Each structure stands twice: as C-alpha cells, then as structure tokens.
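Q: Take a look at this one; I'll ask things after.
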Amino acid sequence: MEEPQEMYPLGRDEVESRRLNEQHKFLLDVVDGAIDRDVPLDNISAVADVATGTGIWLWDAKQMFDQRFGKSPLRSYHGFDISAAQFPSTPQGIELSVQDVFQPFPAEFLNRFDLVHVRLMVTAFPESKLQEAVENVLTIVKPGGYLQWVEIDFSSVEAQTNRDARVAPGSRYWMRFVDMNRMSRCAPDALFNAFKNTGLMDITKKPFHIRGRDELRERAQAWQMQFFAGIMPLVLVRLGVAGDMEEAARMAEPIRRDLERYFEDGEVVDTRFGTVVGQKPI
Ligand SMILES: C[S@@+](CC[C@H](N)C(=O)[O-])C[C@H]1O[C@@H](n2cnc3c(N)ncnc32)[C@H](O)[C@@H]1O
29 MEEPQEMYPL GRDEVESRRL NEQHKFLLDV VDGAIDRDVP LDNISAVADV
79 ATGTGIWLWD AKQMFDQRFG KSPLRSYHGF DISAAQFPST PQGIELSVQD
129 VFQPFPAEFL NRFDLVHVRL MVTAFPESKL QEAVENVLTI VKPGGYLQWV
179 EIDFSSVEAQ TNRDARVAPG SRYWMRFVDM NRMSRCAPDA LFNAFKNTGL
229 MDITKKPFHI RGRDELRERA QAWQMQFFAG IMPLVLVRLG VAGDMEEAAR
279 MAEPIRRDLE RYFEDGEVVD TRFGTVVGQK PI
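Residues in the sequence shown are numbered from 29 upward in steps of one, following the working numbering.
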C-alpha cells in the first residue's frame, strides 16, 4: 500500500539541508539571536530542539553556551525530528533522535529540558493541530523551564498580491497552497493562543519584519528567492495547476523572473516572523 502523502512540502536532500543552514544564519539576524531575551540563560543544563532538521540551531546554541559559560559535560543538547535524513553525520556533542511531534516522547525525556526550541513547522501540519503539538512538546519541558517557538507569519503576503504585479502570481499560488492545506496564515498568533490554552506563564510574542530593514535586504531577497522559487513547482502540482513537475517547472520560470525583477528594484516580499516564549508552571 502507498504511504499517504506528507503535507510537509520541503525536501530533505543536500540542497535543502544547505538552504536550511543558510536560512538559520539569516534568521538569527532577523529575530535577534538563537535564544530570545525573555529566556534566562542561567541554570540551563538541558536543551532540546524539536523538528531540528539539520540540527543547526542546536549546534549554534551549544556554541553560545560553551562560549558564555565554558564547556561542560553536564550540559546536554537533544534534537528530535520525524526524519533522520538531514541529521549531521558527526553530531559533535549533540544527540539526535527520530520523533514525530504528535507521538508521545519516550519516558526518559519527560519533564527533562530547561529550554525547548521549535522553529518553522508551519508548513508541516494544519493550524487545527497546533494546540496538540504544543501540548506534546510541553511534556518534555521541565517545570519552570521555557518553550521558545519561532514561526513565519504569512498574513502579510496576501497584501502583496494587490501591491505589485510582479509578486502577485507567486503570492497568490502560495496563499492558495497555505489555505488548501489549512496551514496557519499567522502562526505566531495561533501559537500565542495555544500557549495560553496550555497554561504557560509569562507568554511573550515578538514580531520581526524583514521588509524595510536595509541591512537585511540582500540576504532577505536571497532567502525569498530560494524559498518561493524553489517551492513553486511543487505548489503548482499540488494545487493541480500543473500536471507534473516538468510542466510546473516551466510555469514557475516566469514567476521566478518576475520576482527577480521585483528584487532588482530593491524590493523585499513582506514575510514576517514571530517568536513566542512561555514558561511552564512549576
Ligand atoms: C522547515 S524545516 C525547519 C528545521 C529547523 N527547525 C530549522 O529551523 O532549521 C521543518 C522540519 O520539521 C520536520 N517535521 C515535519 N513534520 C514533523 C513532525 N510531525 N514531527 C517532527 N518533525 C517534523 C521536518 O522533517 C523538517 O526537518
């Protein structure tokens, strides 16, 4: 019997791993670093990253703690992902395991981590399942520990469709794809509510824009080109607009060229990010 198609639209090959690693460096500058300033860094000894992908965030978090507090064998780092395909071959002080965010975590991880980080799962499941994901991730946060979740906010992309003809087709197809899969249009807002519903304390939500930030412009354009142009053929196939990937690649080409022209004028598509942080009650 054929496996049901995964909703997650991104690949897990080397090209996508490189893209995730570059995206990570870009995102650190977009959102003010790996760990939000609302998370106190003292007394953190166990750190986890759920949907870790290549483990790049976890690796950087480890460098940061090592530099700041000195290396310590007592500090541990654990990454979880539904697939091991992008795990690094030499994890260097990081442990990794396969774990679906909707399945119970093994008992050894329950109430164990002082800080659990999650980033960019918005394309992996519908908004209606966000609450369940938050509840399950919370089971591995230590009482008094922190959950930090960074997501994309697509709600501003829609406005682009009316703003400029060069981004209209790509933005429209993307938003149709978001709606077809019932993804969250504004995941940071949905997360904020899910955090509240699970009883997390001192919840904060910080928005981060990239449009209008001159220092980020070129990297933002490169990121958007890789993301929107890269994903467009698959989006066109899944929407039923193109019959197969070959036809989709042909159809995606003018969309890519229009985006390139838009960028030549110094523009950036208005995609936003949001960091939501909360503390698990003791
Ligand atoms: C866009 S990538 C982000 C990776 C990483 N968090 C980062 O920011 O670099 C999304 C990740 O979510 C993982 N993922 C998708 N569905 C998942 C699930 N149900 N449980 C755990 N991980 C999942 C994918 O395998 C992929 O590695």
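Ideal Cβ placement from N, Cα and C applies to all residues, glycine included. Keep in mind the model is a prediction, meaning the values are calculated, not measured.
What separation, rounded to the nearest whole angstrom, lies between the Cα atoms of S212 and M149?
A: Along the sequence shown, one-based indexing puts residue 212 at 184. Along the sequence shown, one-based indexing puts residue 149 at 121. Taking the straight line joining both Cα atoms gives about 10 Å.
Q: Report yes if the CB atom of G83 is closer than 8 Å to the CB atom of F115, and no otherwise.
A: As a position in the sequence shown, residue 83 is number 55, starting the count at 1. As a position in the sequence shown, residue 115 is number 87, starting the count at 1. Against a cut-off of 8 Å, the Cβ pair of F115 and G83 comes out as a contact.
Q: Indicate the three-state DSSP secondary structure (helix, strand or coil) for R47 in the structure shown.
A: Residue 47 sits at position 19 when you count from the first residue of the sequence shown. Three-state DSSP puts R47 in a helix.
Q: Taking all protein chains shown into account, do 16 or more other C-beta atoms lie within 10 angstroms of the C-beta of T303, making it buried, or fewer, making it exposed?
A: For the purposes of this step, residue 303 is identified with residue 275 of the sequence shown, where counting begins at 1. Looking at its Cβ environment, which holds 16 or more other Cβ atoms inside 10 Å, T303 is buried.
Q: DSSP puts G306 in a beta bridge; with which residues?
A: Translated into positions along the sequence shown, residue 306 becomes position 278. Answer is L175.
Q: Look at the alpha carbon of A248 and the alpha carbon of I168, and state the distance between them as a whole number of angstroms.
A: Counted from its first residue, the sequence shown places residue 248 at position 220. Counted from its first residue, the sequence shown places residue 168 at position 140. Distance between the alpha carbons of A248 and I168: 34 Å.
Q: Along the alpha helix (DSSP H) that carries A277, what are the first and last residues, could you check?
A: Within the sequence shown, residue 277 is the residue found at index 249, counting from 1. First-last of the alpha helix (DSSP H) with A277: M273 to E292.
Q: For a quick check, are the C-beta atoms of V144 and V67 less than 8 Å apart?
A: By 1-based counting over the sequence shown, the position of residue 144 is 116. By 1-based counting over the sequence shown, the position of residue 67 is 39. Not in contact: V144 and V67 (Cβ atoms no closer than 8 Å).
Q: Looking only at its own chain, which residues have a Cβ that is under 6 Å from the Cβ of W177, when we skip the five neighbours before and after it?
A: Reading the sequence shown from its first residue, position 149 is the one you call residue 177. The residues are V146, L219 and V304.
Q: Of all the CB atoms in chain C, is at least one closer than 8 Å to the CB of S104?
A: Annotation note: the requested chain C is absent from the structure, which comprises a single protein chain.
Q: Could you tell me which whole beta strand (DSSP E) segments of length 3 or greater appear in the segment 136-203?
A: As far as the segment 136-203 is concerned, its whole beta strand (DSSP E) runs of at least 3 residues are 141-147 and 169-181.
Q: Can you name the residues that DSSP bridges to F236?
A: What you label residue 236 is simply residue 208 of the sequence shown in a count that begins at 1. DSSP lists F301 as partners of F236.
Q: Are the segment 278-285 and the segment 45-57 touching, with three or more C-beta to C-beta distances below 8 Å?
A: Touching, no.
Q: Contact between the segment 67-76 and the segment 32-46 is defined here as three or more beta-carbon pairs at a separation below 8 Å; is this criterion met?
A: With a cut-off of 8 Å, the segment 32-46 and the segment 67-76 do not count as touching, because too few Cβ pairs lie within range.
Q: Can you list, in chain order, the residues of its chain whose CB lies under 6 Å from that of R47, leaving out five sequence neighbours each side?
A: The sequence position of residue 47 within the sequence shown is 19, counting from 1. These residues qualify, in order along the chain: Q254.
Q: Taking 7 Å as the cut-off, is the C-beta of H52 nearer than that to any heavy atom in ligand 1?
A: Reading the sequence shown from its first residue, position 24 is the one you call residue 52. At least one heavy atom of ligand 1 is nearer than 7 Å to the Cβ of H52, so yes.
Q: For ligand 1, I want to know if L158 counts as a neighbour, meaning its beta carbon is within less than 7 Å of at least one of the ligand's heavy atoms.
A: Within the sequence shown, the letter at position 130 stands for residue 158. Answer for L158: no, Cβ out of range of ligand 1.
Q: Using the Cα positions of G294 and W85, report the straight-line distance between them to the nearest angstrom.
A: The sequence position of residue 294 within the sequence shown is 266, counting from 1. The sequence position of residue 85 within the sequence shown is 57, counting from 1. The straight-line gap from Cα to Cα measures roughly 29 Å.
Q: Under the DSSP definition of a beta bridge, which residues are partnered with E123?
A: The residue given as residue 123 occupies position 95 in the sequence shown. The partner list for E123 (beta bridge, DSSP) reads H106.
Q: Which term fits M260, buried or exposed, when burial requires 16 or more other beta carbons within 10 angstroms of its beta carbon?
A: By one-based count along the sequence shown, residue 260 stands at place 232. The residue in question, M260, is buried, as its Cβ has 16 or more Cβ neighbours within 10 Å.
Q: Go ahead and label E155 buried or exposed: buried means 16 or more other beta carbons lie within 10 angstroms of its beta carbon, across all protein chains shown.
A: As a position in the sequence shown, residue 155 is number 127, starting the count at 1. E155 is buried by the Cβ-count criterion.
Q: Return yes when the Cβ of F205 is within less than 8 Å of the Cβ of V265, no when it is not.
A: Position 237 of the sequence shown holds residue 265. Position 177 of the sequence shown holds residue 205. Taking 8 Å as the Cβ cut-off, V265 and F205 do not qualify as a contacting pair.
Q: Curious, which full-length beta strand (DSSP E) runs of at least 3 residues does the segment 39-105 contain?
A: The qualifying runs are 74-78.
Q: For G271 and L228, what's the separation of their Cα atoms in angstroms?
A: Within the sequence shown, the letter at position 243 stands for residue 271. Within the sequence shown, the letter at position 200 stands for residue 228. The alpha-carbon atoms of G271 and L228 are separated by roughly 46 Å.
Q: Would you kindly check if the distance between the Cβ of N209 and the Cβ of Q325 is under 8 Å?
A: Because residue 325 is not part of the residues shown, which for the chain are 29 to 310, the question remains open.
Q: Just checking my contact of V165 with L175 at CB under 8 Å: how many whole Å lie between their CB atoms?
A: By one-based count along the sequence shown, residue 165 stands at place 137. By one-based count along the sequence shown, residue 175 stands at place 147. Confirmed, Cβ separation roughly 6 Å.
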